[in-house]
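Okay, structure first, notes after.
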Amino acid sequence: MPIRAVVYVSSAGEAIAGDKLGLSNGKLDQVVDDAARFNRNAGVTGVLLFDGERFLQYLEGPEDGLSVSYSRVLGASSHDGIVELQRGRVGQRRLPFWPMKWLPVEPEELRRLAQADWTRFNQRGDPEDANATAMDLLVALVEPFAIAA
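For what it's worth, numbering that gives the first Met the number 0 labels the leading residue of the sequence shown as 0, then goes sequentially.
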């Protein structure tokens, strides 16, 4: 079964952004826990990066599961201003670690990822290279958390 992926950026809704990293009222944790339950059943994995104001989310899975999960994303009130950066087929799962997990990142990290090359979700392997792809950067950012889990 082919694996597809989608990545987008968006602005956090007031209930989450007003709380910066979503730590005091747990709203972000609630959103992510709900998404993880849904994604597990849909066969979707992914990660949500949050810099206190903006999100970057990468999702991957079978086309039918990804389509339903992404439809939920598009209708969610927890964010707005969604800009899709890339959507397409990937050869294999790149982030099989979680049905959904959020990770705090610095604004500059999120900005660099959003501006990087997401074409065909290519991965060259060296995130330190000046021509590193977005997947190189994302995998390098996420893998330490996956290893620690």
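Where is the CB? At the ideal position from N, CA and C, for every residue including glycine.
When the distance is taken between beta carbons, is residue j closer than 8 Å to residue i?
i    : j    : result
D135 : Q122 : yes
V8   : Y57  : no
V138 : A4   : no
G12  : S77  : yes
What number of angstroms, rounded off, separates the C-alpha of residue i from the C-alpha of residue j?
i    : j    : result
S10  : G74  : 14 Å
L94  : D50  : 20 Å
P98  : I2   : 14 Å
E62  : D128 : 32 Å
R119 : I15  : 31 Å
R86  : G60  : 12 Å
D79  : I146 : 32 Å
Taking the continuous alpha helix (DSSP H) assigned at residue i, which residues delimit it?
i   : result
Q29 : K26 to A41
Decide if residue i is buried, meaning its Cβ has at least 16 other Cβ atoms within 10 Å, or exposed.
i   : result
G25 : exposed
Residue i lies in the beta strand (DSSP E); which residues open and close that run?
i   : result
S10 : I2 to A11
- Between the region 60-75 and the region 101-117, do three or more beta carbon pairs fall short of 8 Å? no
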